[in-house]
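Written out below as structure tokens is the structure these notes cover.
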Amino acid sequence: MFELKKFLSSMLMPLPGLLLIGFIGLMILWFSKKKGFASFLLTLSLLGIFLLSFQPITTPLLKSTERIYPSFIAPETPVEYVLVLGNGHVVDDEISPISELSRAAVMRLTEGIRIYRMYPGSKMILSGYNGGTTVSHARMMARVALSLGVNKSDILLLESARDTHEEAMQTFNAVGDKTVVLVTSASHMPRAMAEFNYLGMTPTPAPTNYLAHSEIKQTWEKYAPKAKYLEQSERFWYEQMGRWFMQLKDLVMEKEKQAQETPQLDMEDVIDKVDEIKQSLPLPNKS
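Numbering (this note's numbering), first residue to last: 65 to 351.
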């Protein structure tokens, strides 16, 4: 189920979807006489890719999600745990450990270490499963954290958490109601906070890895379609799909809870109800 969810979400991303529309248009153009419909699909594909790579469109979309929670400002209350959510990695012995982490993972880990050092005595929780490799993502981040001076005794690993829901569940089981700072990408923070709040946890958000920046002065940077702006569209759409999936999951769980709480009638109750109905019926006229 998890693999199917990931596959479907990847195929529903803007670039694969628009490319698929374009290929369908080409097939129709080559092998049928519906030239008008084929031209429409090709135009839709190319125009869609252009618009989703255009900064004046993509940045406001993603920025509306990234700026929901402000950057971390040290609260006066002590922090016991700094939780860094996983993102992705590769295993390549020819490059340094920090280069094996994805860009988002490096940003998250760096922010987590910054906050960890602000609170002596706090501990770091690093999460993430192996993602098909031989080493878990949590362990890969721990390698980098150790090389950057984090004490080994201050690191806790959640090595089997595959998504945000499992990360929230495992964190809740590990620390309960302790004070936690939640570190993740700014675009992912609203959905992550929703998962933790659903369990009754209220971590302090520490968003990082901001991608949407509107203060771009160079005309050639702002109005030329670029891959980095397409990434902004993909992040916005990915998080939007994640929120829809979470709402659907909560709806299903609520329906199941209501079904479990509904009192079940046993056979004796059913027979009694039938007898009551029979007695309430008018007697047949035998005349």
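We treat Cβ as the ideally placed atom computed from N, Cα and C, and that holds for glycine.
Keep in mind the model is a prediction, meaning the values are calculated, not measured.
Residues near residue i by beta carbon distance below 8 Å, same chain, minus five either side
{"i": "S351", "result": "Residue confidence for S351 is low, a pLDDT of 48 falling below 50, so the modelled location carries little weight; the figure read from the coordinates is stated next. No residues qualify anywhere along the chain."}
DSSP state of residue i mapped onto helix, strand, coil
{"i": "S351", "result": "Because S351 carries a pLDDT of 48, less than 50, the predicted location of this residue cannot be relied on, and no value is offered for it."}
{"i": "T197", "result": "coil"}
{"i": "A356", "result": "The structure shown does not extend to residue 356, since the chain is modelled only from 65 through 351, so no value can be given for it."}
{"i": "T283", "result": "helix"}
{"i": "Y133", "result": "coil"}
{"i": "P254", "result": "helix"}
{"i": "M77", "result": "coil"}
{"i": "M265", "result": "coil"}
{"i": "S224", "result": "coil"}
{"i": "A276", "result": "coil"}
{"i": "A168", "result": "helix"}
{"i": "A209", "result": "helix"}
{"i": "S96", "result": "coil"}
{"i": "K292", "result": "helix"}
{"i": "T174", "result": "helix"}
{"i": "T235", "result": "helix"}
{"i": "K313", "result": "helix"}
{"i": "Y183", "result": "coil"}
Rounded Cβ spacing between residue i and residue j (contact assumed at less than 8 Å)
{"i": "T272", "j": "M171", "result": "5 Å"}
{"i": "L294", "j": "S117", "result": "4 Å"}
{"i": "L125", "j": "F309", "result": "Actually they do not touch by this definition, with Cβ atoms about 19 Å apart."}
{"i": "L173", "j": "T228", "result": "So it is not a contact: roughly 17 Å between Cβ atoms."}
{"i": "L361", "j": "A232", "result": "Lying outside 65 to 351, the shown extent of the chain, residue 361 is not represented and no answer is given."}
{"i": "V208", "j": "P161", "result": "5 Å"}
{"i": "L39", "j": "T235", "result": "This structure cannot settle anything about residue 39, because the visible part of the chain is limited to 65 through 351."}
{"i": "A202", "j": "G192", "result": "5 Å"}
{"i": "Q119", "j": "K281", "result": "The pair is not a contact, with the Cβ atoms about 12 Å apart (cut-off 8 Å)."}
{"i": "I132", "j": "P254", "result": "5 Å"}
Residues bridged to residue i (per DSSP)
{"i": "I219", "result": "M188"}
{"i": "P271", "result": "T248"}
Contact set for residue i: own chain, Cβ-Cβ below 7 Å, skip 5 residues either direction
{"i": "E158", "result": "none"}
{"i": "H252", "result": "E303"}
{"i": "A206", "result": "L190, I219 and L221"}
{"i": "G82", "result": "It is Leu, not Gly, that sits at residue 82 in the sequence shown. Excluding positions up to five away in sequence, the list reads S109, G112 and I113."}
{"i": "D156", "result": "E164"}
{"i": "A256", "result": "L149, T228, L246 and T248"}
Beta-carbon proximity list for residue i, same chain, < 6 Å, skipping 5 on both sides
{"i": "K127", "result": "A276"}
{"i": "S74", "result": "none"}
May I have a chain-ordered list of the alpha helix (DSSP H) segments no shorter than 4 residues that lie completely inside the stretch 101-165? Runs of the alpha helix (DSSP H) inside the stretch 101-165: 119-130 and 161-164.
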